[in-house]
């Protein structure tokens, strides 16, 4: 039967492909190019960059903040510019970063569906699971870019406007500027990891709708709700399970020696969210009728 | 086993309570240009979405290029180029960048030749000059061409084109028709859905007609025309008498409708002895029998013609809907 030969040869094409597997890298490259060629992406990174700039400019204009007022580390900035980045990330974590992550993660599938490009990606064929993986990787790349923007711009602005010198840590020890920069990168890594669970939630919500704004808003709202729940002492049993629980928990990276317990607990929690919501996204997307 | 590029059996799709596609058995031969006709809302696009694995069927099965869909999507789709329900692109990317993006999504498309293939596809649809323009600045016709270019990025065995001439000017329509012919000459099977019958009549070798979710007819274009019921057209001043005779002579045939008389211009002008025309379905009755009966009854036959249904009449006969949306 001719049909069988076709299928047999088709099968060999599939296995050859699985072996080379190079195509997925190109699809990821194309996804990143598309994401970072978008004006919206740069607008959001620009808004994040404004946070440390505004903080630094405000201190220059209004003078040093009194100790104990405003966000942690704020009063340290006039002594040491390296604290601008840390202060800015503390300010960005509760709302600004989750908003931008919500936009990118909520847009992943729903945005393609609303443009109608989802059907053309699927008949290319991108493969449904492959497309989800690439889309998630794109959102994760934005988490890295967003966090680094705040930390790097903060450090540069601090370097420019304030004295720079050895940093006195929370544990009382003093470390060199180089050591402090490494710790800043560790904080950026901690915050990036913190946002991965939320990105998975956004990806899942994005498979549920063809209206990207809906998925974006829902993702951002969940981040806020989770933080509110985390602040209610009556729900203490729930706190370790909230994806925002460790969001501000990077203070241990500013001790000597560095304590990594929170980093690891956070990574495990985020991995759990990634597995659960990743599986939900795959389950939903594999059986979804693409009508957009 | 016949060599079919697309084959479905009892393919069915239900959206909530509505039956969008109702057990259709498509048979699209390799190398054919298959015109998939039907009024808007008759289930054409849903069928195409099922064939391409975008939508899961509720019942029945579909084989495309010899493999079951949607199980073998990864193997089948690289050999299929498609335009589904209008073109769609990321508006903030250029035409070229959009094509490269879709091409990168296809694992089988070699990276090395990507830029060359994109340029060639753009050239083939006459869009080279607008390659670097952002798609949001494209006109509908240009988007349509870009959509066709996307289907041509790789050498395909099957092209599925859903309303390919939508939004194109007459010149563009002619070009698309020429493109479809050139694909067919290369041996590519072309499955083209349309509600523009003249289009289909000019390029297709085979036709299938959808109506309210059912495939009401399919076959070669010639078979299709022959199946269309021939009509007789009688021009005579004795329209009433001719109607009686036609009704009597053609009565034996089941399903013959009542002859329709159409007053001519002369009638409207108040001529004493006006020419009217009467038409009726001929069925299996030989035309000479009809003429003999008319003359015998004393009808002054001034003109007699047998008219073969053209595609449009046939389409209306089958769907009974003309171009209205099926509710």
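Residue numbers (the UniProt record's numbering), protein chains in the order written: chain A, 1 to 292; chain B, 1 to 327. Note that the Cβ used here is the ideal one computed from N, Cα and C, for glycine as well. Since we're looking at a predicted model, the values are computed, not measured.
With a threshold of 9 Å between beta carbons, is residue i in contact with chain B?
i	result
residue 176 of chain A	no
residue 123 of chain A	yes
residue 6 of chain A	Confidence is the limiting factor: at residue 6 of chain A the pLDDT is only 40, short of 50, which leaves the residue's position unreliable, though a coordinate-based value still follows. Interface residue, yes.
residue 245 of chain A	no
residue 126 of chain A	yes
residue 289 of chain A	yes
residue 239 of chain A	no
residue 120 of chain A	yes
residue 131 of chain A	yes
residue 45 of chain A	no
residue 284 of chain A	no
residue 108 of chain A	no
residue 34 of chain A	yes
residue 183 of chain A	no
residue 214 of chain A	no
Nearest-angstrom Cα distance between residue i and residue j?
i	j	result
residue 104 of chain B	residue 245 of chain A	39 Å
residue 188 of chain A	residue 120 of chain B	45 Å
residue 311 of chain B	residue 199 of chain A	54 Å
residue 28 of chain A	residue 182 of chain A	29 Å
residue 286 of chain B	residue 224 of chain B	20 Å
residue 95 of chain A	residue 42 of chain A	18 Å
residue 281 of chain A	residue 49 of chain B	22 Å
residue 226 of chain B	residue 308 of chain B	8 Å
residue 197 of chain A	residue 125 of chain A	28 Å
residue 218 of chain A	residue 211 of chain A	11 Å
residue 314 of chain B	residue 25 of chain B	20 Å
residue 116 of chain A	residue 169 of chain B	23 Å
residue 67 of chain A	residue 75 of chain A	5 Å
residue 182 of chain B	residue 139 of chain A	43 Å
residue 19 of chain B	residue 269 of chain A	45 Å
residue 107 of chain B	residue 93 of chain A	38 Å
residue 123 of chain B	residue 193 of chain A	46 Å
residue 210 of chain B	residue 281 of chain B	23 Å
residue 118 of chain A	residue 78 of chain B	16 Å
residue 131 of chain B	residue 39 of chain A	20 Å
residue 38 of chain B	residue 44 of chain B	7 Å
residue 255 of chain B	residue 55 of chain B	Low confidence applies to residue 255 of chain B: its pLDDT is 41, below 50, so where it sits in the model is not reliable enough to give any reading.
If residue i and residue j are in contact, beta carbons under 8 Å, what's the gap, nearest whole angstrom?
i	j	result
residue 73 of chain B	residue 189 of chain B	In fact, because the Cβ distance is near 18 Å, the residues do not count as touching under 8 Å.
residue 120 of chain A	residue 36 of chain B	Wrong, their Cβ atoms sit about 20 Å apart, outside the cutoff.
residue 94 of chain B	residue 125 of chain B	At roughly 15 Å, the Cβ-Cβ gap does not stay under 8 Å, so residue 94 of chain B and residue 125 of chain B are not in contact.
residue 294 of chain B	residue 234 of chain B	7 Å
residue 80 of chain B	residue 160 of chain B	6 Å
Helix, strand or coil: which one does DSSP assign to residue i?
i	result
residue 316 of chain B	helix
residue 245 of chain A	coil
residue 61 of chain B	strand
residue 281 of chain B	strand
residue 89 of chain B	coil
residue 94 of chain B	strand
residue 256 of chain A	coil
residue 71 of chain B	coil
residue 5 of chain B	strand
residue 240 of chain A	helix
residue 12 of chain B	strand
residue 29 of chain B	strand
residue 24 of chain A	helix
residue 210 of chain A	coil
residue 272 of chain A	helix
residue 133 of chain B	coil
residue 41 of chain B	coil
residue 251 of chain A	helix
residue 48 of chain B	helix
Shorter than 9 Å from the beta carbon of residue i to some beta carbon of chain A?
i	result
residue 308 of chain B	no
residue 28 of chain B	no
residue 244 of chain B	no
residue 191 of chain B	no
residue 78 of chain B	yes
residue 145 of chain B	no
residue 183 of chain B	no
residue 131 of chain B	no
residue 21 of chain B	no
residue 85 of chain B	yes
residue 36 of chain B	no
residue 53 of chain B	yes
key: beta strand (DSSP E) segments (min. 3 residues) lying fully within the region 155–242 of chain B   = Runs of the beta strand (DSSP E) inside the region 155–242 of chain B: 158–162, 189–194, 206–211, 214–220 and 231–236.
request  = Pick out the complete alpha helix (DSSP H) segments inside the region 107–177 of chain A, 4 residues or longer, and give them in chain order.
outcome  = 117–122 and 128–161
query = What alpha helix (DSSP H) runs, 4 residues minimum, are completely inside the region 26–70 of chain A?
reply = 39–62
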